[in-house]
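A.B. asks: Questions regarding the structure given below will be posed in turn.
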Amino acid sequence: MAPLDTPRSLSPNELEPYWVPFTPNRAFKKRPRLFAGAKGMHYFKPDGTKVLDGSSGLFCVNAGHGREPITKAIQQAAATLDFAPPFMYATPQVFELSSRLAMLAPGDLDHVLFANSGSEAVDTALKVALAYHRARGEGSRTRFIGRERGYHGVGFGGISVGGIPGNRKMFGNMLYGVDHLPTTYDRSKQAFTVGEPEWGAHLADELNRLIALHDASTIAAVIVEPVAGSTGALPPPKGYLERLRTITAQHGILLILDEVITGFGRMGHAFAADRYNIVPDMITFAKGVTNGAVPMSGVMVRKGIYEAHMTGPEHVVELFHGYTYSGHPLAVAAGLATLDLYRDEGLFERAKQLEPAFAEAMMSLKGLPAVVDIRPCGLICGIDLEPLPGRPAARGYDVIERIYHELNLYVRVTGDTLIVSPPLIATQAHLEEIRDGIAAALKTMI
Ligand code: PLP
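Just so we're aligned: the sequence shown equals residues 0 to 445 in numbering that gives the first Met the number 0.
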C-alpha cells in the first residue's frame with residue numbers, strides 16, 4: 000500500500016482491499032457492478048448509463064434518489080453543526096424529529112431511541128425489553144422469541160432472533176435461550192397469492208406452545224417483521240399478526256415489530272402496524288427514515304415502557320444505552336426533510352394506490368421459465384426461481400449479472416429469489432419496465 004503522504008491522484012485504486020459485504024467477492028471482482036450516481040428512479044453507471052432502480056437501493060430510497068430538499072438539508076446541517084454529543088446534550092432538531100415520529104407512529108408509541116443501522120435498532124429494542132421487565136421486577140423474563148426465515152440484521156442479537164441458517168452457522172454461541180416461531184410461508188398452500196395469504200393465521204398459535212414449554216415468566220419479547228423482507232418478501236397470513244398481538248398481550252410479553260423495510264410507506268401506510276391495525280410495544284425502523292441518504296435507525300417505544308424507566312434519583316442515567324452517532328445532526332436533518340417530502344407528495348397514499356398495478360405487473364411474470372412463486376404485497380414482491388440442481392443461488396446471481404450488464408436494471412436478489420421493491424414515486428411505465436427487464440433476464444437465464 001502507498002504511504003499516507005502519497006498524492007490522492009497517484010494512490011492505487013485496486014479492487015482487492017475492499018471486502019464487499021454480503022457478496023461473493025471473487026465473482027464480483029471479476030466483473031464489478033458499479034454505481035457512480037443516482038437521480039429519481041435511476042442509478043448511473045460510471046460511464047453515465049442509466050440503470051432503473053427496482054429495489055429502492057436496499058429498500059430505503061422510498062422518495063427516489065437525489066431529492067433536492069434532502070440534499071440541501073444535509074448540506075446545511077453539515078455547515079451549521081457537524082456533530083454534537085448525544086449523551087447529556089442534544090440538538091433542538093432531534094426533539095423535533097422525535098415529535099414528528101411519535102405523531103406518525105401508531106397508538107402510544109410516543110418515545111424514540113436513535114441508532115444508525117437496522118441491526119443496532121434491533122439490539123436496542125431487545126435491550127429495552129430486558130431493561131423494562133427488570134425495572135418492573137420481572138427480571139426472569141430474559142428469553143426472546145424470533146421466527147424462522149426472519150432477518151433482523153447482523154448483530155449478535157439480530158442473528159440470534161433471526162432465522163436464516165447462513166447468517167447463524169458461522170458465529171457460534173449467540174444469545175442464550177432464544178426460540179423461534181415457525182415461518183409463515185408454505186408454498187404448497189400459498190403459491191401465487193396476491194397480498195396476504197388466506198392460509199397460515201393458525202401458525203401464530205405456535206406461540207402458545209412455546210409459552211407452555213418455557214413459561215411466560217421467562218419470555219421478554221417476540222420479534223417479527225410484519226412482512227419478512229430479506230428472505231424473499233413473505234407477507235403475513237390474514238389475521239396472523241393480530242393473533243400474535245393478542246397472545247403476547249395476554250401473557251405480558253412485549254411484541255416488537257421490525258419495520259426496517261416496511262416502515263415509511265412501503266405497505267401503503269406510515270408503518271405496516273397501521274395496515275394490520277395493531278399497536279405493537281416497539282417498532283424498529285431505519286432505511287426510509289432518511290430516504291437512505293444518511294445512516295439512521297431507531298426504536299419507537301410505548302409510553303408505558305419509557306415511563307417504567309423514569310424512576311430513581313433524577314440525576315442518574317435511566318437507561319445505559321446509546322451510540323456516539325445517535326441522532327447525528329446530518330441524519331436528523333435528512334430525517335426531517337424526508338418526512339416533509341413524504342407528507343407533501345402524499346407518498347404513502349401513492350404507494351397504496353400503486354399496489355394493484357404493481358401486483359398485476361409482477362403476477363404477469365407467472366409462467367416464465369423457473370418461476371415457482373410470486374408474492375406481491377404493498378410495494379414489495381418476492382419472485383422465487385427454481386434453483387439449479389446442486390447449485391443453489393447460481394440462477395439468482397446469473398440474473399443480477401444479466402440485468403445489470405445487459406438490461407440496465409437493478410433488482411435485489413437473495414439466493415434464487417428476486418425482491419422487487421420500487422421507490423414510491425414509480426409510475427406505471429417504470430413498473431412495466433421493471434417487469435419487462437426481469438422477463439427478458441428470465442428468458443435467457445442459465
Ligand atoms: N431488520 C430488518 C427487518 C431488515 O430488513 C434489515 C436490513 O435489511 C435489518 C434489520 C438490518 O439493517 P442494517 O443492514 O441497517 O443493519
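Note that the Cβ used here is the ideal one computed from N, Cα and C, for glycine as well.
DSSP three-state label for S187, please.
C.D. replies: Looking up residue 187 in the sequence shown gives position 188. Here S187 sits in helix by DSSP.
A.B. asks: What's the call for R7, buried or exposed, on a 16-neighbour Cβ count within 10 Å?
C.D. replies: Mapped onto the sequence shown, residue 7 falls at position 8. With fewer than 16 Cβ atoms within 10 Å of its Cβ, R7 is classed as exposed.
A.B. asks: Return helix, strand or coil for M362, following the three-state DSSP convention.
C.D. replies: Position 363 of the sequence shown, counted from the start, is the residue given in the question as residue 362. Residue state, collapsed to three classes: helix.
A.B. asks: Could you confirm whether any beta carbon from chain C is found closer than 8 Å to the beta carbon of G149?
C.D. replies: Given the protein chain composition of this structure (a single chain), no chain C is represented.
A.B. asks: Using alpha carbons as the reference points, say which of L108, G231, T192 lies closest to R411.
C.D. replies: On the sequence shown, position 412 is the one that residue 411 refers to. Looking at the Cα atoms, G231 is the closest of the given residues.
A.B. asks: Among G377, A215, E317, Q74, whose alpha-carbon lies nearest the alpha-carbon of A248?
C.D. replies: For the purposes of this step, residue 248 is identified with residue 249 of the sequence shown, where counting begins at 1. It is A215.
A.B. asks: List the endpoints of the continuous beta strand (DSSP E) containing S159.
C.D. replies: Here the question's residue 159 lines up with position 160 in the sequence shown. No beta strand (DSSP E) contains S159, which is instead part of the alpha helix (DSSP H) from 155-160.
A.B. asks: Which whole-angstrom value is the C-beta distance of A350 and L378, which I expect to be below 8 Å?
C.D. replies: For the purposes of this step, residue 350 is taken as the residue at position 351 of the sequence shown. For the purposes of this step, residue 378 is taken as the residue at position 379 of the sequence shown. That belief holds up - the Cβ atoms of A350 and L378 are roughly 5 Å apart, short of 8 Å.
A.B. asks: Mapping DSSP to helix, strand and coil, what is R411?
C.D. replies: The sequence position of residue 411 within the sequence shown is 412, counting from 1. Strand.
A.B. asks: Going by C-alpha distance, which of A134, T323, G334 is nearest E317?
C.D. replies: On the sequence shown, position 318 is the one that residue 317 refers to. The option with the nearest alpha carbon to E317 is A134.
A.B. asks: By DSSP, does F143 sit in helix, in strand, or in coil?
C.D. replies: To locate residue 143, count along the sequence shown from 1; it is residue 144. Reduced to three states, the DSSP call for F143 is strand.
A.B. asks: Please report how far the alpha carbon of L430 lies from the alpha carbon of A26, in whole angstroms.
C.D. replies: Translated into positions along the sequence shown, residue 430 becomes position 431. Translated into positions along the sequence shown, residue 26 becomes position 27. If I take the Cα positions, the gap works out to 29 Å.
A.B. asks: Report whether the distance from the Cβ of V160 to the nearest heavy atom of ligand 1 is below 7 Å.
C.D. replies: Numbered from 1 along the sequence shown, position 161 holds the residue referred to as residue 160. Because no heavy atom of ligand 1 lies under 7 Å away, the Cβ of V160 does not count as near it: no.
A.B. asks: Which residues in the same chain have their Cβ closer than 8 Å to the Cβ of E344, if we skip the five residues on either side of it in sequence?
C.D. replies: Residue mapping note: residue 344 aligns to position 345 of the sequence shown, counting from 1. These residues qualify, in order along the chain: A62, I424.
A.B. asks: Between the region 122-129 and the region 195-209, do at least 3 Cβ pairs fall closer than 8 Å?
C.D. replies: As far as the Cβ criterion goes, the region 122-129 does not touch the region 195-209, which means the pair count is below three.
A.B. asks: Going by other Cβ atoms of all chains shown within 10 Å of its Cβ, with 16 needed for buried, is V331 buried or exposed?
C.D. replies: Here residue 331 corresponds to residue number 332 of the sequence shown, with the count starting at 1. Buried, by the Cβ-count rule.
A.B. asks: State buried or exposed for V315, treating a residue as buried only when at least 16 other CB atoms are found within 10 Å of its CB.
C.D. replies: The sequence position of residue 315 within the sequence shown is 316, counting from 1. V315 comes out exposed.
A.B. asks: Which residues in the same chain have their Cβ closer than 7 Å to the Cβ of E195, if we skip the five residues on either side of it in sequence?
C.D. replies: Looking up residue 195 in the sequence shown gives position 196. Closer than 7 Å at the Cβ level, and outside the excluded window around E195, lie P234, P235, P236, K237, C376.
A.B. asks: Is the separation between the beta-carbon of I144 and that of H201 shorter than 8 Å?
C.D. replies: Residue 144 sits at position 145 when you count from the first residue of the sequence shown. Residue 201 sits at position 202 when you count from the first residue of the sequence shown. Not in contact: I144 and H201 (Cβ atoms no closer than 8 Å).
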